[in-house]
Amino acid sequence: MDRIFIGAGFLDSCPELTRFVYEYWRGKAGERRLAYREDIEPADLIPALPGIQLVDVLRDTPHEGDIKRGYRFVYRLLGTKEVNVRHGNPVGLPVEEGFFGNDVARVLSNYTQVAETGDVVCDFEEVTVPAGYRVQDVSLFLPLTLDGKSVQQILVYSEQSFLR
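For the sequence shown, position 78 matches number 78 in the UniProt record's numbering, and the numbering has no gaps at all.
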């Protein structure tokens, strides 16, 4: 499958751990649109930790005449499985230098959608890895806030399964 979902429409198609992470985040957000970063307890996510990423959302100051503010997304933390699929640890690097996927524009578009709107995004993408085999990657992007107003971090959970 190669499809991007905005909102919770992915739940019928996603792996069990992806659903678990979404439901955990949804429970922490409660009635609010965004969950607070401080509400997320790693000990509650132990089965999913190898596939977790935490990404900082940095807002670029617009130049005079610019209509839209830009974003930079920087890896803060990656689980062991996410480090392994990248063949290195991109903590501290911008997403475009350490992403897993076929197309950097697609990946950045997912992050931008979450940062601008606070929407949940789930991306199902067939990826060919450097070793030549194909995997189905499912990446769930969940907005986190520090101030209750805007998205300052994005919690990502990814799973990969081999395709035949």
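Every residue gets a Cβ at the ideal spot worked out from N, C-alpha and C, and that includes glycine.
Note that the structure is a prediction, hence the values are computed from the model and not measured.
- Look at ASP119 here: in three-state DSSP terms it is coil, with no helix or strand label.
- C-alpha of VAL135 to C-alpha of ASP2: approximately 11 Å in a straight line.
- Secondary-structure assignment with DSSP links ILE4 through a beta bridge to ASP123.
- When DSSP states are grouped into helix, strand and coil, PRO90 belongs to the coil group.
- Ranking VAL55, VAL21, ILE46 by CA distance to the CA of ARG76 puts VAL55 first.
- With contacts defined as CB atoms closer than 7 Å, LEU78 and GLN53 qualify as a contacting pair.
- Looking at the DSSP output, SER158 shares a beta bridge with SER139.
- The beta carbons of VAL21 and TYR157 sit about 4 Å from each other, so the pair counts as a contact at 8 Å.
- DSSP lists LEU144 as the bridge partner or partners of ALA35.
- For the 7 Å CB-CB criterion, ASN110 and PHE141 form a contact.
- The beta carbons of LEU17 and ALA48 sit closer together than 7 Å.
- The residue from PRO90, ARG33, GLU82 with its alpha-carbon nearest to that of ASP147 is ARG33.
- In this structure, the straight-line span from the alpha carbon of PRO50 to that of PRO15 is close to 15 Å.
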